[in-house]
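Comments concern the structure below.
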Amino acid sequence: MNIHKIATYLNGLTDQSDTGLIFDCVPIAGEVDVLRVDIQGREEIPVFVSVTGDQILCISYLWGEDEVIEGKKAEMMEAMLEMNIPMPLSSFARIEQKYVIFGALSEHSTLADIEHEVSVLSDNSLEVIAEMADYLK
Amino acid sequence: MSILKKIITAVRGGAREVGEGIVDANSTRIFEQEIRDAENHLTKAKRDLTEVMAKQMQAGRELERIKGEISEHEGYASQALAQNNEALALEVAEKIAQLEVELQEQTTSHATFEKAATRLKDLIKKSERQLADYQRQLSMVKTTDSVQKATAAITDSFTSSNSSLLSAKESLERIKQKQAMFDDKLVAAEQLQAESGDQSLKDKLKQAGIGQQQNSANAVLERLKNKS
């Protein structure tokens, strides 16, 4: 699997996707191929897809450390830990100073699996931000 | 130190340096070489095992053959004794003794092959576990490395597109607004569709002279005439 195949597939779906979402994929140049997947109406929170070795990683950035209300970080992290398993397919992580939500798929996943993953990740990210609003500035 | 521990230490120590800290290209290459070596050993061990198992089966068949021959000759010896042919019985007994030595030898080599097969099977199992572990560790190192490179690329693209200026809450708010606007448009379009659909039907009916017609003076006059 490579990001160009994924981009061609997702862009080609237009309004025929099973999930009802419309994707717009833009490859990002860099040392590692990364695909930025914009979802129509949700452009503010894109999903980033990269193929690394034996897995496909889909990541959405949630908020930065600086957006967490002072003194509420521990409580927020506990809430995130508890939410982690009930949340379908996605998990929380932190990359540098940013909290992220991500899903990892096998490199042998089908394109339909990837589409499903990206759409669930996007739904989850919106829901998580809404749920965690109390901890955020 | 385990790879995972190294990764954690490196990430804590300063995220930017992880790439150099644990995944310098050279050590990754050495690691990959180790994995290839382990794979080669595994292939060789599997080939050896096939050979040993074949020899074990061969020895097993030989054992059965000798045992069969021994019992056959024991029968002959008894028959010779029954005929009081001591000399012939002795000759047969010598043959049996010879066969028993052979049986002993075959039993030993069968057991040796069996032991070797068991040892090879254990070795293969162990090597497979080891190989899987190496591969998992290599995958961790590589993933850490590529996530870092990917993050760098994403961060660059964020800064150039200014998308990072929005906070999570602001982003969500905007998305919700867009969703609401989309929903409103949908509702409006549906209403419009319904209204225009209704109107065009009425027009058609009117043209066909069906349904409620505009009251003309003639119609009124007609009605009044009928009343009186």
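Line order of the protein sequences matches chains A and B.
Under my numbering, the residue at position 41 of the first sequence is numbered 41, and the numbers go up by one with no gaps.
Counting the second sequence from 1 gives a position; my numbering is that position plus 137.
The C-beta atom is built at its ideal place from N, Cα and C for all residues, glycine as well.
Quantities reported herein were computed from a predicted structural model and do not represent experimental measurements.
- [ ] Taking B/Ser257 as the query, report the chain A residues whose CB atoms sit under 9 angstroms from its CB, ordered along the chain.
- [x] For clarity, residue 257 of chain B is Leu in the given sequence; the question names Ser instead. Result: empty, since nearest Cβ-Cβ is about 29 angstroms, beyond 9 angstroms.
Open item on the list: Less than 9 angstroms between the C-beta atoms of B/Ala224 and B/Leu218, yes or no?
Closed with: For B/Ala224 and B/Leu218, no; Cβs fall outside 9 angstroms.
TODO: Give the residues of chain B in contact with A/Lys137, contact being defined as C-beta atoms less than 8 angstroms apart.
DONE: Correct list: Ser304, Lys306.
TODO: Determine the extent of the alpha helix (DSSP H) in which A/Asp123 is found, giving its start and end residues.
DONE: In the DSSP assignment, A/Asp123 falls within the alpha helix (DSSP H) that extends over 111-131.
Task: Partner residues on chain B for A/Glu31, Cβ-Cβ distance less than 8 angstroms - done: What A/Glu31 touches in chain B: Lys286, Ala289, Ala290.
- [ ] On a CA-only basis, which of B/Lys343, B/Glu239, B/Glu231 is nearest B/Gly197? Give me that one, please.
- [x] Considering only alpha carbons, the answer is B/Glu239.
Task: chain B contact residues for A/Glu107, given Cβ-Cβ distances below 9 angstroms - done: Simply none; closest approach about 10 angstroms.
TODO: With a 10 Å radius around its C-beta and 16 neighbouring C-beta atoms as the bar for buried, classify A/Met87 as buried or exposed.
DONE: A/Met87 sits buried, since 16 or more C-beta atoms from the chains shown fall within 10 Å of its C-beta.
Open item on the list: Considering only their Cβ atoms, is the gap separating B/Glu251 from B/Gln193 smaller than 9 angstroms?
Closed with: Yes. Within cutoff.
TODO: At 8 angstroms on the CB atoms, spell out the chain A contacts of B/Phe319, in chain order.
DONE: For B/Phe319, the chain A residues whose C-beta falls within less than 8 angstroms of its own C-beta are Gly41, listed in chain order.
Task: Terminal residues of the beta strand (DSSP E) in which A/Ile59 lies - done: Residue range 55-64 is occupied by the beta strand (DSSP E) that includes A/Ile59.
- [ ] Alpha carbon to alpha carbon, how far is B/Ser353 from B/Arg360? Give it in angstroms, no decimals.
- [x] The straight-line gap from Cα to Cα measures roughly 11 angstroms.
Open item on the list: What would DSSP say about B/Glu154, mapped onto helix, strand or coil?
Closed with: In this prediction, B/Glu154 has a pLDDT of 48, which is less than 50 and means its spatial position is unreliable; what the coordinates show is noted afterwards. B/Glu154: helix per DSSP, three-state reduction.
Task: Short CB-CB distance (under 9 angstroms) between B/Thr187 and chain D - done: Chain labels in this structure do not include chain D; the protein chains are A and B.
- [ ] Measure the CB-CB distance between A/Leu57 and A/Ser90 and report whether it falls below 9 angstroms.
- [x] At least 9 angstroms separates the beta-carbon of A/Leu57 from that of A/Ser90.
- [ ] Give every residue of the same chain whose Cβ lies closer than 7 angstroms to the Cβ of A/Phe102, excluding the five residues on either side of it in the sequence, and list them in chain order.
- [x] Cβ neighbours of A/Phe102 beyond the five flanking positions: Leu57, Cys58, Ile59, Ser90, Ser91, Ala93.
Task: Sufficient close CB pairs (3 or more, under 8 angstroms) joining the region 167-187 of chain B to the region 265-281 of chain B - done: Between the region 167-187 of chain B and the region 265-281 of chain B there are three or more inter-stretch CB-CB distances shorter than 8 angstroms, so the stretches are counted as touching.
TODO: Give the range of the alpha helix (DSSP H) segment to which A/Ala79 is assigned.
DONE: Unbroken alpha helix (DSSP H) run through A/Ala79: 73-84.
- [ ] Whole angstroms is fine: what's the gap from B/Gln235's alpha carbon to B/Glu228's?
- [x] Rounded to the nearest angstrom, the gap between the Cα atoms of B/Gln235 and B/Glu228 is 11 angstroms.
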